[in-house]
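Protein chains in written order, with my numbering: chain R, 2 to 117; chain Z, 150 to 261.
Here is the structure:
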C-alpha cells in the first residue's frame, strides 16, 4: 500500500500522559499536514510542513503540541500532558507541491486518541 | 473554527434516489472540494471545483459553485448503499493548498 499511513490507529491514555503519533506520507510528497477532527465535526487544520520546515501553525496548536518532520519524510506529532479535550481523531495528509497548480491532499486513516 | 456550514446535517434516502448536499462558506476562495469519510476512517477526495467554474461532473457526482452566494452543492445521482458516509466540503484560499478549511459535514444514509 503506497498511501499515507499513520501509527498507531488507536491510542488510549490517561490524563497527564504524553503521547506521540507518527505519519508516513506518500513517497516523494514534499508537503505534510496535520488535522484534528472531533466527533461529529469536520477536520481542523493544525500545522503543515514543506520538506522538514514547519511553515504554518494553527492557533489550535497549543504549546503542549509539537510536530516534527526531521528528514522531510515521516512526521511525528507529540502531545504533552494530555487533557480530556485532546480526545479526537488526528489526521495526516500529504501532497506534492507545485507552485503553479493545485495540490490535492491525500489523507491517512487517522489516529484516534482517547484521554481518560 | 469551521469555514462553512453544510446543510442538511443528516440525510436519509432510499437506494436509487438522488442526494443533494449544500455547503456555504464565508471568505473568498481559490477552489472548493468535496471529501467523503466512511465511519471512523480517513477522508477520500471526490472532486474539486475552481472559483472560476460553475459546475463540474465526475461519474455520478455533480458539483455546482455560486461564488456570489458563497455556496456549493454536491449531487449524488442514483445513490447506492455504499454511498453511506459523511460528506465534507473544504475550501482552499489559494492555489498552494496550504490548508483546507472544512465544513461540519452531512451524514448521508442510503437505505437498501
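The C-beta atom is built at its ideal place from N, Cα and C for all residues, glycine as well.
Go ahead and pull the three-state DSSP assignment for residue i.
i              : result
residue 242(Z) : coil
residue 227(Z) : coil
residue 215(Z) : strand
residue 8(R)   : strand
residue 85(R)  : helix
residue 25(R)  : strand
residue 156(Z) : strand
Ignore the nearest five residues each way along the sequence and tell me which others in residue i's own chain have a CB closer than 7 angstroms to its CB.
i              : result
residue 85(R)  : 16 and 116
residue 225(Z) : 167, 168, 209, 210 and 232
residue 154(Z) : 173, 252 and 253
residue 87(R)  : 80, 114 and 116
residue 178(Z) : 200, 240, 241 and 242
Out of the options, which one is the CA nearest neighbour of residue i?
i              : options                           : result
residue 174(Z) : 168(Z), 258(Z) and 183(Z)         : 183(Z)
residue 249(Z) : 258(Z), 186(Z) and 238(Z)         : 238(Z)
residue 230(Z) : 154(Z), 157(Z) and 165(Z)         : 165(Z)
residue 257(Z) : 234(Z), 212(Z) and 241(Z)         : 234(Z)
residue 52(R)  : 99(R), 11(R) and 59(R)            : 99(R)
residue 54(R)  : 42(R), 94(R), 68(R) and 61(R)     : 68(R)
residue 74(R)  : 83(R), 56(R), 97(R) and 30(R)     : 30(R)
residue 204(Z) : 189(Z), 181(Z), 185(Z) and 187(Z) : 181(Z)
residue 202(Z) : 222(Z), 227(Z) and 188(Z)         : 222(Z)
residue 109(R) : 58(R), 22(R) and 72(R)            : 22(R)
residue 58(R)  : 156(Z), 247(Z), 255(Z) and 215(Z) : 247(Z)
Listing by chain order, which chain R residues have their CB less than 8 angstroms from the CB of residue i?
i              : result
residue 250(Z) : 46
Closer than 6 angstroms by C-beta to residue i: which residues in its own chain qualify, once you throw out the five before and the five after it? Chain order, please.
i              : result
residue 90(R)  : 38, 111 and 113
residue 260(Z) : 163
residue 50(R)  : 33 and 70
residue 11(R)  : 113
What whole-angstrom Cβ distance do residue i and residue j have, given they're in contact under 8 angstroms?
i              : j              : result
residue 107(R) : residue 20(R)  : With a Cβ gap of about 24 angstroms, residue 107(R) and residue 20(R) do not count as contacting.
residue 198(Z) : residue 210(Z) : With a Cβ gap of about 11 angstroms, residue 198(Z) and residue 210(Z) do not count as contacting.
residue 92(R)  : residue 191(Z) : 6 angstroms
residue 82(R)  : residue 60(R)  : That pair is no contact at about 19 angstroms.
residue 96(R)  : residue 24(R)  : The pair is not a contact, with the Cβ atoms about 13 angstroms apart (cut-off 8 angstroms).
Mind listing the chain Z neighbours of residue i? Cutoff is C-beta to C-beta under 8 angstroms, in chain order.
i              : result
residue 109(R) : 191
residue 18(R)  : None at all; the shortest Cβ gap to chain Z is about 23 angstroms.
Applying a beta-carbon distance threshold of less than 7 angstroms, which residues of chain R neighbour residue i?
i              : result
residue 206(Z) : Those within 7 angstroms of residue 206(Z) in chain R number zero; the least Cβ separation is about 18 angstroms.
Using a Cβ cut-off of 7 angstroms, pull out every chain Z residue sitting near residue i, in sequence order please.
i             : result
residue 62(R) : Within chain Z, no residue comes near residue 62(R); the closest Cβ sits about 12 angstroms away, beyond 7 angstroms.
residue 43(R) : 151, 237, 251, 252, 253 and 254
residue 57(R) : 247 and 248
Cβ closer than 9 angstroms: which chain Z residues qualify as neighbours of residue i?
i              : result
residue 92(R)  : 191 and 192
residue 105(R) : 182, 194, 197 and 246
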